[in-house]
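As you go down the protein sequences, you meet chains A and B in turn.
In terms of our numbering, the first sequence is residues 1 to 256.
In terms of our numbering, the second sequence is residues 1001 to 1249.
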Amino acid sequence: MTGRTLAIAIAVEARKAAASRVLVSTAVLLCTGVAAISASAMVAARSGNEQLAAKLGPLALAGGWPGLLAVAAQVTAAAGLLAFGVGLSWLYAREFTDGTITGLFGLPVTRPTIALAKLIVYLVWTLAVAGLLTVTVAVTAVTVTGELPDAAARIGLARLLALAGMTALLPVPAAWAATIGRGLLPAIATTVALLAVTQIVVVAGGVGGWFPPAAPALWAVLPGTVSPAQLLLTATVPVGFGLLTLHAWRRLQLDR
Amino acid sequence: MSAARIQARGLTRDFGGGAGVYGIDLEVAPGEIHALVGLNGAGKTTLMRLLLGMLRPDAGTVLLNGRPPDPAVWSRVGHLVETPFAYGELDGRTNLTLAARLHGVAAPEAARMVHSVLTELNLNRYATVRARRLSLGNRQRLGLAAALQHDPEIIVLDEPTNALDPAGVILLREALVRRAAAGAGVLVSSHHLDEVARVAHRITVINGGRVIGALDPHGIDIERSFFALVHADDERAARGPTDEPRRVA
């Protein structure tokens, strides 16, 4: 892998991603979905829906910016993992399902280089989505509350942006699963399994902060319960599975 | 004498249950079009995948331009195995540009190449059409263009006439003859003796994962000779294993 071949691979993958309906529609669905659920939850809580209020917790009951941001964080932790997982799964799995993987052999740009380029393009896409999501939620909050964000709300928005960014790091195992399973289904299944386990750990509480995929969600929803060390540990998921994915692409054979 | 464009020695990959290729020796010289002919399941695609690094052999070696494949060698290879390298959401020109870039071609040079191959394979009217909207045959043409546009020295095409109309077959045949005349080594496979196999300098017959003989491209009834070779090999296999490996030099 050289700087030149990586630059070529990034340019190629970026061009493919820019034309992708999957990435655009996933981004739009996530941003509008989180905003819509947050806004409607606030409206429902204000109207005295006790069941919903119980589910959303005390912060949501507070209403206003703090309430809306609390709901947005909860929804982003789960929906973000699913949406980013779908995007990442497609980026890798489509080469197998479309049959274009044969064209990625026998090139001076090696397969690990292409796999790394996909990961880099994915991260750039998630950063853009995280930014868009934060802006969408902010605009929604202004519309629903009729107030501009105060200092605490601005910190809450920054926290939401950070949560979306960290959530994007979590579905990397899906890229590895797409490669090992040679398709979309194993990757999506891995994303859903990761989401389910993470949600169970978050709800269970306790040592949840030490479970890397759960740390960002716990940090966003219950600040103070997760230490910086636990948050840093989250990085082991993308780094570990990123390296596994590169290795799988290096050793890849079209033998099934 | 310059090295063979493709040289395979004792290539073996056993998938179990009788599927695979066994001890294949094969050579493609510079300037040569070498056709690999065999019935469905004979092992043509497996052999090509081994040559292109899509499979690792259980035994045997592959040399391209006289050395084990490395990135510098791969930049001189063009191939189409099974699926055309075309992304449905991208138009013809973009697909070709990306393919050229992945072969290490600089951006300005890639634009010139794409323009040239679009004309050569009569694809200009599809340059701005998304690949998913193309017919199967035009998608195949696009895949062939991606494999040939950078004027590779080593060309490996698996059943390249699949889905092509007669005009496409003639364009492909001419494109291959041109590149072979310029020094490329071309390996094409076919399950029947199609128009491309008929312009080959050499025709090797593969059956049951082994090379079983060669056909004279200028022979009078090569179709009959092909089936006679395959039939004789099937009968030999039915009688049981022999000590003699079924290879030709």
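Even glycine gets a Cβ: it sits at the ideal position worked out from N, Cα and C.
The structure presented is a predicted model; accordingly, all values stated were derived computationally and were not measured.
(1) Assuming contact is defined by CB atoms lying nearer than 8 Å, are T113 (chain A) and T5 (chain A) in contact in what I supplied?
(2) Specify, as a first and last residue, the run of the alpha helix (DSSP H) that N1138 (chain B) falls within.
(3) Taking only three categories from DSSP, how would you classify H1191 (chain B)?
(4) Please say whether G87 (chain A) and L23 (chain A) have beta carbons closer to each other than 8 Å?
(5) Mind listing the chain B neighbours of F105 (chain A)? Cutoff is C-beta to C-beta under 7 Å, in chain order.
(6) Rounded to whole angstroms, what is the Cα-Cα separation between A1072 (chain B) and G1208 (chain B)?
(7) For F211 (chain A), which residues in the same chain have their Cβ closer than 7 Å to its Cβ, ignoring the five residues on either side in sequence?
(8) Give me the subset of the segment 1152-1167 of chain B whose CB atoms are less than 7 Å from a CB atom of chain A, sorted by chain position.
(9) Closest to A168 (chain A) by CA distance: which of A:L194, A:V109 and A:A248 is it?
(10) Which residue comes first and which comes last in the alpha helix (DSSP H) that contains G1018 (chain B)?
(11) Comparing the C-beta of F1085 (chain B) with each C-beta of chain E, is any distance below 8 Å?
(12) Identify the contact partners of G87 (chain A) in chain B, using a Cβ-Cβ distance below 7 Å as the criterion.
(13) Taking only the alpha-carbon atoms, compute the straight-line gap between G85 (chain A) and T140 (chain A) and give it to the nearest angstrom.
(14) Do you know whose CA, among B:V1169, B:R1210 and B:A1228, lies nearest G1018 (chain B)'s CA?
(15) What whole-angstrom Cβ distance do S89 (chain A) and L184 (chain A) have, given they're in contact under 8 Å?
(16) Give the straight-line distance between the Cα atoms of P228 (chain A) and L81 (chain A), rounded to the nearest whole angstrom.
(17) Please report how far the alpha carbon of V1196 (chain B) lies from the alpha carbon of I1170 (chain B), in whole angstroms.
(18) Looking at L1121 (chain B) and the ligand ZN, is the gap between the Cβ and the nearest heavy atom below 7 Å?
(19) Does any C-beta atom of chain A lie closer than 8 Å to the C-beta of L1026 (chain B)?
(20) Where do the N-terminal and C-terminal ends of the alpha helix (DSSP H) with D1101 (chain B) fall, by residue?
(21) What would DSSP say about A13 (chain A), mapped onto helix, strand or coil?
(22) Could you tell me whether any Cβ in chain B is nearer than 8 Å to the Cβ of G131 (chain A)?
(23) Under 8 Å between the Cβ atoms of V1186 (chain B) and I1033 (chain B)?
(24) With H, G and I counted as helix, E and B as strand and the rest as coil, what does DSSP make of G242 (chain A)?
(25) According to the neighbour-count rule (16 or more other Cβ atoms, all chains shown, within 10 Å of its Cβ), is H1150 (chain B) buried or exposed?
(26) Can you confirm whether A27 (chain A), when its beta carbon is compared against all beta carbons of chain B, has any partner nearer than 8 Å?
(27) So that I know if they touch, is there some Cβ in chain A lying closer than 8 Å to that of A1008 (chain B)?
(28) How would you list, in chain order, the residues of chain A whose beta-carbon sits under 7 Å from the beta-carbon of H1103 (chain B)?
Taking the definition as stated:
(1) yes
(2) L1136 to L1148
(3) coil
(4) yes
(5) L1052, G1053 and M1054
(6) 34 Å
(7) V201
(8) none
(9) A:L194
(10) Run containing G1018 (chain B): none; DSSP gives neither H nor E here.
(11) Structure shown: chain E not included; protein chains present are A and B.
(12) Here the premise fails: no neighbours, minimum Cβ distance about 14 Å.
(13) 25 Å
(14) B:R1210
(15) 6 Å
(16) 21 Å
(17) 8 Å
(18) This structure simply doesn't include the ligand ZN, nor any ligand for that matter.
(19) no
(20) The sequence shown places Arg at residue 1101 (chain B), not Asp. From DSSP, the alpha helix (DSSP H) with R1101 (chain B) extends over G1092 to L1102.
(21) In the sequence as presented, Ala is not what sits at residue 13 (chain A); that position holds Glu. Correct three-state label for E13 (chain A): helix.
(22) no
(23) yes
(24) helix
(25) buried
(26) no
(27) no
(28) L107 and P108
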